[in-house]
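Keeping their order, the protein sequence lines are chains A and B. For the numbering used here, count along the first sequence from 1 and bump the result up by 10. For the numbering used here, count along the second sequence from 1 and bump the result up by 56. All C-beta atoms, glycine included, are put in the ideal place defined by N, C-alpha and C. Remember, predicted model here, so these are calculated numbers, not experimental data.
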Amino acid sequence: MSQTSALRLHVPEPKARPGEATDFSGLVIPAAGVLKRPPIDEPDHSMRDYAFGMIRVLDEAGAAVGEWDPKLTPEMLKAGLRYMLTTRTYDERMMRVQRQGKTSFYMKCTGEEAVAVAQAMALDRGDMLFPSYRQQGLLIAREHSLVDMMCQVYNNTKDRLKGRQLPVMYSSKDSGFFSISGNLGTQFPQAVGWAMASAIKGDTRIAASWVGDGTTAEADFHYALTFATVYQAPVVLNVVNNQWAISTFQGFAGGEQTTFAARAIGYGLPGLRVDGNDFLAVYAATKWAADRARNNLGPTLIELYTYRAAPHSTSDDPSAYRPDDEFKRWPLGDPIERLKQHMERIGIWSEAEHTALLAQVDDDVRAAQKEAEGYGTLGVKPASAASMFEDVYKDVPQHLIRQRQELGV
Amino acid sequence: MATMNMIQAINSAMDVMLERDRGTVVFGEDVGYFGGVFRCTAGLQKKYGKERVFDAPIAEGGILATAIGMGVYGLRPVVEIQFADYIYPAFDQLVSEAARLRYRSGGEFWAPITVRSPCGGGIFGGQTHSQSPEAVFTHVCGLKTVIPSNPVDAKGLLIAAIEDDDPVVFFEPKRIYNGPFEGYHDRPLVPWSKHPLGEVPDGYYRIELGKAAIVREGAAVTVLAYGTMVHVAQAGAAEAGVDAEIIDLRTLVPLDIDCIVASVKKTGRCVIVHEATKTSGFGAELMAQVQELCFAHLEAPIVRVTGWDTPYPHAFEWEYFPGPDRVKRALLKVMEG
Ligand SMILES: Cc1ncc(C[n+]2csc(CCOP(=O)(O)OP(=O)(O)O)c2C)c(N)n1
Ligand SMILES: [Mg+2]
């Protein structure tokens with residue numbers, strides 16, 4: 011065909027803007043249970059459908075259907091529900107303390123709790139996590155102390171990061187949770203390097219990492235997938251597609267033309283697209299990828315399809331760029347409600363138990379807050395300013411000693 | 057004339073250039089529909105259309121690289137890097153490509169791009185929203201580096217940067233977007249509407265790159281500053297009660313060395329103030345040049361007031377930020393010498 015018309019630039023446009031009603035009817039949500047669960051040594055080239063379909067276990071009625079059902083024990087289901095509720099309650103509290111001026115900044119993961127919680131539970135405790143700032147659920151599911159997390163948010167005297175980091179940029183070697191950078195995407199190829207090291211050393215631990223849909227546009231994403239496939243690194247690489255990157259919808263990361271899971275195909279690794287609000291599906295897919303990695307069968311890319319219900323951060327006002335009620339219309343629902351519905355359906359949970367658990371979680375978070383605030387809040391009883399000059403290098407060099415003296419601390 | 061803060065002045069500069077020159081395009085993360093996280097591009101997409109003002113993928117290297125390609129085609133891209141702290145993924149494209157394209161092609165190809173990016177601290181942004189990386193770019197030949205300190209300059213300099221045929225890195229000190237912050241974090245901020253430099257001409261005008269401004273004439277000591285520190289330096293001089301001549305460099309490369317030399321020869325003393333870390337900071341270059349050209353006129357060693365040589369620590373915003381008190385002490389010290 012010969013060129014006849016003038017060229018035109020395509021600029022993606024989301025389904026709806028403020029004041030409009032988002033129509034999700036064009037979104038293809040495959041039924042739960044239709045995809046088979048392949049063996050963990052299935053070759054990547056016969057798994058291409060998984061990048062375009064969607065692994066789903068919970069159906070509309072809350073029944074667990076199909077081969078991907080991980081058949082979790084009631085104890086695990088209850089633990090998952092508790093971690094998700096704790097994450098949501100913790101987020102609400104920390105958002106509130108930011109509004110009260112006790113800290114400068116906060117980021118919630120509301121609507122995405124199943125991602126971090128189910129994935130932490132599907133991985134082994136020794137596996138190393140390289141998260142973004144929106145996976146606080148990983149720490150909570152690893153039973154990291156809420157007080158310790160809050161002390162970081164408050165930058166107080168007990169902040170292990172010595173007041174150096176913006177709130178939520180946690181780091182905990184004990185919990186296998188790598189230091190969060192703030193610069194998007196950098197952790198993705200670093201996780202691959204950690205996994206390569208684990209393989210070099212003949213270890214049994216694997217690595218996992220998370221980036222948002224928007225962050226897949228960074229070159230680091232390409233580095234990660236390239237190194238992962240070249241060295242068949244034991245790593246689980248996750249894209250949390252919560253539809254938005256601040257004000258920019260996922261079409262600006264290339265999600266308009268294909269799926270993020272499909273990125274895997276070009277690199278020759280399996281790409282699984284998963285209902286990110288389905289606790290059981292997230293658990294099952296992650297377990298599959300982790301088992302594959304742990305058995306020297308290589309890396310997996312998982313796209314967790316979900317929705318960022320909260321503002322990007324406390325500095326953001328989503329009403330300027332998307333309809334306020336979009337989350338209410340989101341066809342994949344709320345991960346907490348869906349797991350609760352399932353547990354009630356199989357007869358291991360009741361409304362009364364749920365109310366009691368909510369009260370318990372609320373008490374736990376309040377108690378943690380009280381204790382953490384006893385160690386100070388931002389600007390009130392902060393960590394010591396003298397520590398500002400430490401850890402720039404292993405040993406404090408002469409010029410920094412002089413600068414510390416000049417500051418008089 | 058209109059009253060504008062720095063955000064509105066920067067917006068106005070792009071508005072004027074989008075209107076005047078069909079080749080001007082504006083893009084970056086969140087700059088299209090939303091108008092930028094600091095609102096610097098608010099309303100521009102609506103006015104000029106999605107093909108000239110648009111959102112970009114989160115890929116700073118990609119933003120710079122495509123801007124270079126557009127520049128080579130003949131457009132004038134004005135790109136936003138959301139925070140100066142996030143400019144590093146674009147470093148290779150800026151340093152190895154944009155900066156050297158004209159040179160390596162024997163003058164056949166060039167990319168007249170403008171890279172806008174909010175810089176600096178004072179906003180409790182922690183180590184990834186507070187950096188002042190200007191010296192990283194002034195060290196690169198082929199790039200121009202601009203840092204305005206007020207709305208009038210911001211608009212005139214940005215228009216000159218957009219019209220410039222070389223790549224320009226245009227850092228916007230975000231702490232002074234809304235008012236001239238003097239470093240007194242416990243006092244209310246005076247808005248630009250109460251400041252004479254918040255009166256900005258509506259239409260087109262240029263402030264030439266490479267021209268400093270003397271913001272306060274004085275006889276006792278020369279203070280070299282740029283960006284937020286221009287205001288902090290004025291406060292520090294007032295506190296010290298010293299008759300300081302305060303020079304706002306406005307453009308670091310090309311540097312208005314004649315203005316600096318004339319002043320230092322007059323005063324015989326010099327204090328340099330910047331927010332960025334000290335070692336190999338732009339202050340080191342200024343010291344070297346002043347020493348080379350004014351050695352015989354100096355009556356005391358030059359003193360630098362800078363950020364400490366550490367990452368910007370979130371909880372210690374005001375211990376880190378070089379405030380008026382540190383400027384005052386530096387001024388008193390050079391006056392003793
Ligand atoms: C290198 C870099 N560029 C830009 C930013 C600014 N920024 C912070 S979060 C964000 C959006 C990220 O969106 P996404 O990857 O989808 O993650 P989400 O916030 O949705 O979890 C941007 C642009 C940054 N932190 N780092
Ligand atoms: Mg996102």
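How close, in whole Å, do the beta carbons of residue i and residue j come, if the pair is a contact with beta carbons under 8 Å?
i	j	result
B:ALA191	B:GLY337	5 Å
B:GLY117	A:ALA255	Wrong, their Cβ atoms sit about 16 Å apart, outside the cutoff.
A:ALA291	A:ILE65	5 Å
B:TRP248	B:MET70	So it is not a contact: roughly 18 Å between Cβ atoms.
A:PRO177	A:GLN162	7 Å
A:TYR164	A:THR113	6 Å
A:GLY192	A:PRO392	At roughly 20 Å, the Cβ-Cβ gap does not stay under 8 Å, so A:GLY192 and A:PRO392 are not in contact.
A:ALA319	A:THR120	4 Å
A:THR269	A:GLU336	Going by Cβ atoms, the distance from A:THR269 to A:GLU336 rounds to 20 Å, so no, they are not a contact pair.
B:VAL298	B:ALA276	5 Å
A:PRO244	A:ALA151	Not quite, the Cβ-Cβ distance comes to about 21 Å (not below 8 Å), so this is no contact.
Is the closest heavy atom of ligand 3 to the C-beta of residue i under 8 Å?
i	result
A:LEU194	Among the ligands modelled here, namely ligand 1 and ligand 2, ligand 3 does not occur.
From the DSSP secondary-structure annotation, give me the bridge partner or partners of residue i.
i	result
A:SER35	Its beta-bridge partners do not exist; DSSP assigns none.
A:SER182	A:PHE187
B:GLU301	B:THR278
B:VAL109	B:VAL82
A:VAL250	A:GLY222 and A:LEU314
A:ILE139	It is Leu, not Ile, that sits at residue 139 of chain A in the sequence shown. A:PHE187 and A:ALA218.
A:PRO392	A:ASN166
A:VAL245	A:ALA217
A:VAL406	A:VAL406 is not bridged to any residue.
B:VAL309	B:THR201
So what's residue i in DSSP terms, helix, strand or just coil?
i	result
B:HIS330	strand
A:ASP59	helix
A:THR296	helix
A:THR96	helix
B:ARG132	strand
A:ASP285	strand
B:VAL87	coil
B:ARG360	strand
A:LEU68	strand
A:ALA255	strand
A:ASN166	strand
A:ALA74	strand
A:VAL202	helix
B:ALA115	coil
B:VAL93	coil
B:THR122	helix
B:THR59	strand
A:THR387	strand
A:PRO84	helix
A:VAL157	helix
B:GLY339	helix
B:THR323	helix
A:ASN193	coil
A:SER208	helix
B:TYR368	coil
B:ASP222	coil
A:ASP9	What is shown of chain A runs 11 to 419, which leaves residue 9 of chain A out entirely.
A:CYS119	coil
A:PHE262	helix
A:ALA272	coil
Nearest-residue set for ligand 2, Cβ under 7 Å from any heavy atom = Matched residues: A:GLY222, A:ASP223, A:GLY224, A:VAL250, A:ASN251, A:ASN252, A:GLN253, A:TRP254, A:ALA255, A:GLN260 and A:ARG318.
Just list the alpha helix (DSSP H) runs in the stretch 224-292 of chain B, keeping only unbroken ones of 4 residues or longer that don't cross its boundaries, in chain order.
-> Whole alpha helix (DSSP H) segments, 4+ residues: zero.
Please go through the stretch 210-241 of chain A and give each complete alpha helix (DSSP H) segment of 4 or more residues, from N-terminal end onward.
-> The stretch 210-241 of chain A contains these whole alpha helix (DSSP H) runs: 229-240.
With a floor of 4 residues, list each alpha helix (DSSP H) that falls wholly inside the stretch 322-372 of chain A, ordered by position along the chain.
-> For the stretch 322-372 of chain A, whole alpha helix (DSSP H) runs of length 4 or above, ordered along the chain, are 336-339 and 345-355.
Let me know the alpha helix (DSSP H) ranges lying completely inside the stretch 148-215 of chain B, each 4 residues or longer, listed in chain order.
-> With a minimum length of 4 residues, the continuous alpha helix (DSSP H) runs that stay inside the stretch 148-215 of chain B are 157-160 and 190-194.
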